[in-house]
Amino acid sequence: MTGTSLGRGMLLGRPSGFLKDGTADNEVTYGICMADLHISPISPWMVDIQEEVREYFSWEESSDIDSINSLIEYSSHPSTPPLWGKSGRQKVLTDIISQLNEDERLVVIIGAAVEHPDLEPLLSNSPILIACDGAVGVLDEVSPESWNLLAMVVSDADGLPYINKAAEMGITISLHAHGDNMDEWASLLNNWKDLPCPPSLFFTHQVHHNIDGAINLGGFTDGDRAVCMLLAFGVHIDRIKLIGFDSTIFGKWSGVSNPKRKREKLLWMKKILDNIGVDGWGGEK
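Shown next as structure tokens:
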């Protein structure tokens, strides 16, 4: 498989709820239900591919289950901020969905290969910004005002040190639990829980059944998981723009402890985005 890039922001081009082949499938049971809110993946495929990923890397789902259950248990401890509890996280979800859909502004997802010239031309129209973990650091290279456009950071807890500024500002963080990041999310939350204005949180997981208090809307890496999430939240795909998405290079904002494995993960990202139907995937950065 050859590497490809979304480079300087290729627009997504298919309606929300439809995959590359034009089909839609609402027979999905992996989301969550709230009093007046139902959230589910736009296709079961987005969740099913997580099992393919586990098989490829020889990971056990039991480790993913342990991680998300431990995260939920941690967040319910009396020493953690009340907004991290289940009802608080549900309100955060409701609020972020409302924010994303209150108007028709462009929603820009910032990937790890982003450079500040990719983002600067877009800011004049005041888009909604979604940062993938450490890529939030690019905002410091653009302008202080760009932080005011940031709605959410999608993280699996490896975005240090850049994600700490978002946490200190109380930005909403979609925190993902998997079997290999329990120490990382625990370290982050231990540091954040005593902040004067701790971040708002909701939790995502990659388990093949419902987990009370967390959601699985599909995807694998922070970037493609963010796309799956926005589609499930009702954001029309024509409003979504990706910048800094590249399956051939490790961006400056990406944590890389194992280059070979990182390359493999990026190819899974590519597969997921291809199947969602990202128009322009394959252009040069």
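Under the numbering used here, the first residue of the sequence shown is numbered 1, with each subsequent residue one higher. Heads up, the beta-carbon is just placed ideally off N, CA and C, and yes, glycines get one too. The structure presented is a predicted model; accordingly, all values stated were derived computationally and were not measured.
(message) I'd like to know whether the C-beta atoms of I215 and L230 end up nearer to each other than 9 Å.
(response) Taking the sequence shown and counting its residues from 1, one reaches residue 215 at position 215. Taking the sequence shown and counting its residues from 1, one reaches residue 230 at position 230. By the CB criterion at 9 Å, I215 and L230 fall outside the cutoff.
(request) Closer than 6 Å by C-beta to M269: which residues in its own chain qualify, once you throw out the five before and the five after it? Chain order, please. (result) Here the question's residue 269 lines up with position 269 in the sequence shown. These residues qualify, in order along the chain: T221, G223, D224.
(request) Can you grab the Cα-Cα spacing for the pair G88 / P82, in whole Å? (result) As a position in the sequence shown, residue 88 is number 88, starting the count at 1. As a position in the sequence shown, residue 82 is number 82, starting the count at 1. If I take the Cα positions, the gap works out to 7 Å.
(message) Taking only three categories from DSSP, how would you classify V154?
(response) Numbered from its first residue, the sequence shown carries residue 154 at position 154. Annotated three-state conformation of V154 is strand, per DSSP.
(request) Return the first residue and the last residue of the alpha helix (DSSP H) that S70 is part of. (result) If you number the sequence shown from 1, residue 70 lands on position 70. Its alpha helix (DSSP H) spans residues 61 to 75.
(request) Please classify N148: is it buried, with 16 or more other beta-carbons within 10 angstroms of its beta-carbon, or exposed? (result) Within the sequence shown, the letter at position 148 stands for residue 148. Answer is exposed; the Cβ neighbour count stays below 16.
(request) Just tell me which of E102, V47, L122, G244 has its CA closest to the CA of H236. (result) As a position in the sequence shown, residue 236 is number 236, starting the count at 1. Among E102, V47, L122, G244, the Cα nearest to that of H236 is on E102.
(message) Just to confirm, is the Cβ distance from A177 to S70 under 9 Å?
(response) Along the sequence shown, read from residue 1 onward, the residue named residue 177 stands at position 177. Along the sequence shown, read from residue 1 onward, the residue named residue 70 stands at position 70. By the CB criterion at 9 Å, A177 and S70 fall inside the cutoff.
(request) Determine the closest residue to S43 out of S98, L195, N258, A232, with distance taken between C-alpha atoms. (result) For the purposes of this step, residue 43 is identified with residue 43 of the sequence shown, where counting begins at 1. Selected option, being the one with the closest Cα: A232.
(message) Please return the same chain residues whose Cβ sits closer than 6 Å to the Cβ of T80, not counting the five positions on each side in sequence.
(response) Taking the first residue of the sequence shown as 1, we reach residue 80 at position 80. Same-chain partners within the cutoff: K193.
(request) Check the C-beta distance from V207 over to D64 and give it rounded, since I have them as a contact under 8 Å. (result) Locating residue 207 in the sequence shown gives position 207, counting from the first residue. Locating residue 64 in the sequence shown gives position 64, counting from the first residue. Sure, about 5 Å apart at Cβ, within 8 Å.
(request) Throw me the rounded Cβ distance for the H105 and I128 pair, which I believe falls under 8 Å. (result) The count along the sequence shown starts at 1 and reaches residue 105 at position 105. The count along the sequence shown starts at 1 and reaches residue 128 at position 128. Looking at the sequence provided, one finds Arg at residue 105 rather than His. Under the criterion of beta carbons closer than 8 Å, R105 and I128 qualify as touching, at roughly 5 Å.
(request) Look at the alpha carbon of L122 and the alpha carbon of S58, and state the distance between them as a whole number of angstroms. (result) As a working note, residue 122 is residue 122 in the sequence shown. As a working note, residue 58 is residue 58 in the sequence shown. Going by the C-alpha atoms only, they are around 41 Å apart.
(request) State the DSSP-derived secondary structure class of V108, mapped to helix, strand or coil. (result) On the sequence shown, position 108 is the one that residue 108 refers to. In the displayed model, V108 falls within a strand according to three-state DSSP.
(request) Within 10 angstroms of the Cβ of I272, are there 16 or more other Cβ atoms? Answer buried if so, exposed if not. (result) As a working mapping, residue 272 is identified with position 272 in the sequence shown. With 16 or more neighbouring CB atoms inside 10 Å of its own CB, I272 falls in the buried class.
(message) My output table needs one value for C33: the three-state DSSP class, helix, strand or coil.
(response) For the purposes of this step, residue 33 is identified with residue 33 of the sequence shown, where counting begins at 1. With a pLDDT of 45 at C33, under the threshold of 50, the predicted position of this residue should be treated as unreliable, though the coordinate-derived value follows. Reduced to three states, the DSSP call for C33 is strand.
(message) Out of P259, D158, E52, which one is the CA nearest neighbour of G134?
(response) Here residue 134 refers to the residue found at position 134 of the sequence shown. The shortest Cα separation from G134 among P259, D158, E52 belongs to D158.
(message) For a quick check, are the C-beta atoms of A131 and I96 less than 9 Å apart?
(response) Taking the sequence shown and counting its residues from 1, the one referred to as residue 131 is at position 131. Taking the sequence shown and counting its residues from 1, the one referred to as residue 96 is at position 96. No, Cβ-Cβ distance for A131 and I96 is not below 9 Å.
(request) Assign H205 to one of two classes, buried (16 or more other C-beta atoms within 10 Å of its C-beta) or exposed (fewer than that). (result) Your numbering for residue 205 matches position 205 in the sequence shown. Looking at its Cβ environment, which holds 16 or more other Cβ atoms inside 10 Å, H205 is buried.
(request) Return helix, strand or coil for K241, following the three-state DSSP convention. (result) By 1-based counting over the sequence shown, the position of residue 241 is 241. Assigned with DSSP and collapsed to three states, K241 falls in strand.
(message) For the structure I just gave you, are there three or more beta carbon pairs, one from the region 243 to 258 and one from the region 112 to 121, closer than 8 Å?
(response) Short answer: they touch.
(request) Can you say whether R261 is buried or exposed, counting buried as having 16 or more other CB atoms within 10 angstroms of its CB? (result) As a first step, residue 261 is located in the sequence shown; it is residue number 261 there, counting from the start. Flag for R261 reads exposed.
(request) Taking L217 and I39 to be in contact with their CB atoms under 8 Å, please state how far apart those CB atoms are, rounded to whole angstroms. (result) Here residue 217 refers to the residue found at position 217 when the sequence shown is read from its first residue. Here residue 39 refers to the residue found at position 39 when the sequence shown is read from its first residue. The beta-carbon distance between L217 and I39, rounded to whole angstroms, is 7 Å. This is short enough to meet the 8 Å contact definition.
(message) Tell me the DSSP secondary structure of H208 in three-state form.
(response) Reading the sequence shown from its first residue, position 208 is the one you call residue 208. It is coil, neither helix nor strand.
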